[in-house]
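Numbering (numbering that gives the first Met the number 0), first residue to last: 0 to 465.
See structure below.
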Amino acid sequence: MKKVATRFAPSPTGPLHIGGVRTALFNWLYSKNQNGKFYLRVEDTDKERSKEEYKNQIIKSLKWIGINYDEKEYIQSNKIKDHVKIANELLKNGQAYKCYCSSEEIEEQKKRAKQKKIPYIYDRKWRDKSEANAPKNIQPVIRFKSKIDGTSLLKDLVQGDVEIDNNTIEDFIILRNDGTPTYNLSASVDDHHMNVTHIIRGDDHKINTFKQIQIYQAMKWEMPSFAHIPLIHTIEGKKLSKRDKASTLDDYSKIGIMPDALRNYLLRLGWSYKDKEIFTLDESIKLFNLEGIGKSPSKLDMNRILSMNEHYIKNIDENDLFDQLTEYCKLYKSEIQSDKKDKIKESLIFLKNKAKTLEDIFNNGQYIMVDEVNFNQDDIKLIDDKAKKVISDFNAQLGSVDKLNKETLEPIVNELIKSNDTNFKGVGQPLRIALTGSKFGPGIYDIIISLGKDEVRKRLTSKKIS
Ligand code: GLU
């Protein structure tokens with residue numbers, strides 16, 4: 000049996016889309032599951048639209064989510080000579096031909112098809128015509144001689160048997176008149192040269208597959224297997240497009256979604272294994288198979304991404320969580336100062352409560368990270384004379400406390416509730432605003448303990464609230 004090899008073949012003509020990441024993930028997991036190879040092929044033959052910046056973003060995104068490819072990335076434009084060579088071979092063997100139609104002629108044919116409301120298909124004018132009649136002033140394109148009669152059957156590993164009438168596949172261009180190869184030619188030649196055994200890609204490539212299969216057949220190459228994955232739709236059921244927000248990995252990492260959580264979510268988006276939801280990396284590799292891929296489109300659901308992330312926040316090792324938070328703050332907020340690191344780390348146990356994202360943890364823990372409290376302008380107005388008295392009473396009581404913990408703090412709070420003739424909120428809220436700048440946030444005991452006695456006393460006596 001040939002060693003399994005898969006590939007992810009994005010065009011660097013825009014940022015890598017979440018759907019592309021899922022395709023990469025499925026290819027990667029399948030190759031890992033089969034002890035095979037996984038390659039990244041950058042399909043950059045469209046020189047005008049391909050950008051180095053997008054190539055780098057693709058590489059960075061795969062790295063971020065933990066997909067590592069074998070060998071160096073394969074740059075398709077470096078192999079153009081190989082593609083042209085195959086086009087010429089096909090031409091020589093009579094499997095392809097030169098088409099001398101002018102662009103006006105083609106436009107005219109397209110117009111007519113549109114008027115008749117039928118899909119345009121090249122009329123094969125030069126398929127059997129002698130080159131002796133060729134116009135001198137036209138540089139020809141090379142077209143593949145597609146099958147006309149009968150049907151073709153694709154044994155798709157996800158969709159099952161897919162049959163089409165051969166006459167729906169036109170004599171597609173393989174070499175443009177400037178001598179550059181087209182996608183269908185380059186992709187098949189590369190897939191063959193790279194010994195790709197399984198081509199797993201989006202449903203929208205099914206027609207290309209029927210074209211590529213014919214190139215393989217014409218060249219008598221060993222045929223790979225194909226698996227077409229249903230596309231991802233928006234929650235409203237529309238096709239996901241690059242214009243949808245939250246479509247690149249940066250959009251997710253920016254709000255503090257963690258790579259493992261997103262990877263787990265994407266794995267479950269269109270693939271299932273019994274009713275299992277959470278997959279460690281090892282489990283994903285061990286259990287991934289093509290049979291588990293569903294046949295209908297899946298919907299990208301932000302709420303599910305958030306709850307998956309929440310699950311990971313609650314369950315991963317706190318050192319790991321801390322490292323990810325540190326990195327997140329550095330990239331998108333402000334770096335956690337080294338003298339605050341221990342406090343943040345110790346406080347994760349409660350800062351992660353109710354947090355769905357790293358950004359939520361950052362917001363919950365911001366009061367620890369700052370030297371000066373940032374007061375919410377509305378909340379500070381709640382510090383009236385009554386509140387001020389609670390704050391100064393609490394501060395006075397705190398003087399006699401040696402060790403801050405719930406057992407030592409609770410009696411003080413209860414006492415203040417009584418002496419100030421108020422309730423828990425009447426004590427907790429002024430303290431929380433004084434210590435964090437906001438009336439929302441972690442529990443008051445957690446705040447006090449995390450700041451430590453000196454810092455608490457400093458904040459309670461701040462001029463801004465007295
Ligand atoms: N460059 C193509 C794309 O980004 C590749 C499709 C394929 O996997 O062959 O859609």
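Yeah, the Cβ is synthetic: ideal placement off N, Cα and C, and Gly gets one too.
Being a predicted model, the structure only gives us computed values, none of them experimental.
Limits of the unbroken beta strand (DSSP E) element including F7: Note, F7: beta strand (DSSP E), A4 to F7.
Any heavy atom of the ligand GLU inside 7 Å of the beta-carbon of P429? No, the beta carbon of P429 sits no closer than 7 Å to any heavy atom of the ligand GLU.
Can you check whether the CB of G436 is closer than 8 Å to the CB of V372? Note that the C-beta distance between V372 and G436 is below 8 Å.
Would a C-beta distance cut-off of 8 Å place G13 and L239 closer than the cut-off? Not a contact, by the Cβ cut-off of 8 Å.
Quick check: the stretch 162-182 against the stretch 128-135, are there 3 or more CB pairs under 8 Å? Put simply, the stretch 162-182 does not touch the stretch 128-135. Fewer than three CB pairs are less than 8 Å apart.
Check: S185 C-beta below 7 Å from any heavy atom of the ligand GLU: It does not: the Cβ of S185 is nowhere closer than 7 Å to a heavy atom of the ligand GLU.
What residues are listed by DSSP as bridge partners for L174? Answer by DSSP bridge pairing, in chain order: I141 and P180.
Given A395 as reference, the closest of S185, N422 and K452 once Cα atoms are compared: Cα-wise, what sits closest to A395 is K452.
The ligand GLU and R48: does any heavy atom of the ligand fall closer than 7 Å to the residue's C-beta? No, the ligand GLU has no heavy atom inside 7 Å of this Cβ.
Inter-residue Cα distance where the pair is K71 and I360: Approximately 37 Å between the Cα atoms of the pair.
The beta strand (DSSP E) that contains V41, what's its start and end? Under the DSSP assignment, V41 falls in the beta strand (DSSP E) whose first and last residues are K36 to V41.
Between which residues of its own chain and Y68 is the CB-CB distance below 8 Å, once the five residues before and five after are set aside? F7, W27, F37, Y38, L39 and L61.
Taking the CB atoms as reference points, tell me whether H306 and G291 lie closer together than 8 Å. A small fix is needed here, since residue 306 is Ser in this sequence, not His. The answer is no: Cβ separation not under 8 Å.
Secondary structure of F278, DSSP reduced to three states: In the three-state scheme derived from DSSP, where H, G and I count as helix and E and B as strand, F278 is classed as coil.
Among L397, I416, H204 and S418, nearest to L459 - alpha-carbon criterion: Taking only the C-alpha atoms, the option nearest L459 is L397.
Taking the C-alpha atoms as reference points, what is the distance between K332 and T356? Cα to Cα, K332 sits roughly 13 Å from T356.
Exposure label - F287; buried when at least 16 CB within 10 Å: With at least 16 other beta carbons inside 10 angstroms of its own, F287 counts as buried.
Can you determine whether any heavy atom of the ligand GLU sits closer than 7 Å to the C-beta of H82, and answer yes or no? No.
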